[in-house]
Amino acid sequence: MPSTVKGVIARSKGEPVELVDIVIPDPGPGEAVVNVEACGVCHTDLHYREGGINDEFPFLLGHEAAGTVEAVGEGVTDVAPGDFVILNWRAVCGQCRACAKGKPWYCFNTHNATQKMTLADGTELTPALGIGAFAEKTLVAAGQCTKVDPEASAVAAGLLGCGVMAGFGAAVNTGGIGRGDSIAVIGCGGVGDAAIAGAAVAGATTIIAVDVDERKLEKAREFGATHTINSKDADPVEQIRKLTGGNGADVVVDAVGRPETYRQAFDARDLAGTVVLVGVPTPDMTVELPLIDVFGRGGALKSSWYGDCLPSRDFPMLVDLYRQGRFDLDGFVSERIGLDAVESAFDAMERGDVLRSVVVIDEEAAQ
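Set out below in structure tokens:
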């Protein structure tokens with residue numbers, strides 16, 4: 002039988018979110034219903050509320066989530082009721098040309114649940130990133146459920162569902178950071194700090210954090226930054242070069258996604274170095290680069306979508322690192338809140354007061 006639960010929706014552009022009743026259908030073929038235990042508040046959810054993704058209102062917000070599978074539909078074999086899972090928005094198809102080439106992290110045909118969750122009056126909801134996890138339960142494609150160690154805290158583990166994975170993967174998967182390398186990360190919010198933490202885990206020895214907020218730079222040191230630069234007070238390109246023997250960093254991650262920060266990243270990389278764009282630009286932004294420098298300096302200019310991750314490979318590995326005390330997922334959790342506090346969490350995020358507010362739905366299970 003379909004179930005009615007509480008969920009947070011954005012009904013129209015720019016309006017405060019609402020906590021309402023939503024209807025979750027029984028899972029159909031290839032689908033799963035998940036009892037959500039915790040879900041992080043990501044900037045992407047705010048983009049949805051502001052109409053910055055598309056205009057398919059009303060949206061069921063939330064996507065950085067972990068919980069327990071309640072039920073699965075016909076044909077589902079990879080997860081079963083009772084499994085502890087992290088939700089992902091890249092359920093790979095296994096059949097497209099990227100998957101056929103052995104590069105499923107680039108899957109061009111990722112999928113979501115076929116059925117729609119609705120409001121009590123039958124209005125169909127658009128789930129954020131195909132997940133919609135600011136809710137007591139959600140319906141997803143079974144491939145969006147990644148089994149991990151059930152001893153992990155849902156509050157921390159759920160953050161791998163988006164921002165933390167994006168940052169870690171930008172440094173490690175896309176940037177290829179390795180032992181003894183240098184890296185500079187421009188923008189030290191949740192994604193940037195995850196890139197810093199990833200570089201530390203991978204063995205980078207010079208890890209440079211760049212931001213305009215001293216609070217964020219202090220936090221970046223906790224995640225492994227060896228040096229910090231406040232770009233309000235100093236030229237970041239000049240300072241990155243000073244800290245790398247005049248050469249520039251092996252990898253520079255732009256976790257902001259603006260033309261000016263991208264140009265800083267381009268200018269601050271070493272010869273044959275790598276620039277990784279993981280911050281999300283707006284459609285109107287453009288960047289102009291001297292083509293002779295693009296050619297003459299070699300290396301690579303890359304974009305990183307979801308940290309070029311493969312959830313089935315990366316989520317369990319990162320949870321294991323977390324459980325071993327080698328990757329501080331707990332450090333990203335600034336506060337725990339209820340479903341009724343999402344709007345205030347957006348305000349805190351815009352002020353720069355938090356890395357992540359986390360909605361805790363099942364306090365006992367989420368420990």
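If you read the sequence shown in our numbering, its first letter stands for residue 2, the second for the next number, and so on.
C-beta atoms are modelled at their ideal positions from N, C-alpha and C, and glycine is treated no differently.
Fair warning: this is a prediction, and the values are worked out from it, not measured in the lab.
Scanning its chain for C-beta atoms nearer than 6 Å, with the 5 sequence neighbours on each side dropped, one finds around V253 the residues A185, A266, A269, R270, V276, in chain order. Around the beta-carbon of T115, fewer than 16 other beta-carbon atoms lie within 10 Å, marking it exposed. For the pair P30 and E75, the CB atoms are nearer than the 7 Å cut-off. Residue state for C146 is assigned as strand, using DSSP reduced to three classes. Around the CB of T283, fewer than 16 other CB atoms lie within 10 Å, so the residue is classed as exposed.
Assignment of L292 by DSSP, reduced to helix, strand and coil, places it in the helix class. Here V281 is not bridged, per DSSP, to any residue. Look at the beta carbons and you see the region 189–200 touching the region 158–166: at least three pairs across the two are nearer than 8 Å. In the pairwise beta carbon analysis, the region 80–91 is classified as touching the region 142–152: at least three pairs are separated by under 8 Å. Looking at the backbone, the Cα of G159 and that of G297 are separated by about 42 Å.
Closest by C-alpha distance to D255, out of K104, W306, A235, V361, is W306.
With fewer than 16 other CB atoms across the displayed protein chains lying within 10 angstroms of its CB, A273 is exposed. Pairing T139 with V37 gives a Cβ-Cβ distance under 7 Å. CA-to-CA, the gap between L278 and E336 works out to about 28 Å.
Here V86 carries a strand assignment [DSSP, helix/strand/coil]. As summarised for the region 44–87, the continuous alpha helix (DSSP H) elements at least 4 residues long and confined to that stretch are 44–50, given in chain order. In this structure, Y323 keeps its C-beta atom at 7 Å or more from the C-beta atom of V288. A residue is called buried once 16 or more other Cβ atoms fall within 10 Å of its Cβ, and T127 is buried on that count. For I241, the uninterrupted alpha helix (DSSP H) run begins and ends at 237–244, by DSSP.
Contact fails between the region 311–318 and the region 111–125, because fewer than three Cβ pairs, one in each stretch, are under 8 Å apart. DSSP places T229 inside the beta strand (DSSP E), whose first and last residues are 228–231.
With distances taken between CA atoms, R50 lies nearest to L130 out of S183, L130, R314. Short of 6 Å from the beta carbon of I54, and not among the five residues preceding or following it, lie these beta carbons of its own chain, in chain order: H48. When C-alpha distances from V334 are compared across K243, G95, M350, the shortest belongs to M350. For the options V42, G133, A33, the alpha carbon positioned closest to that of I23 is the one of G133.
In the DSSP annotation of this structure, the continuous segment of the beta strand (DSSP E) that includes V254 starts and ends at 250–255. Ranked by how close their Cα comes to the Cα of F347, the residues V18, K7, G8 have V18 in first place.
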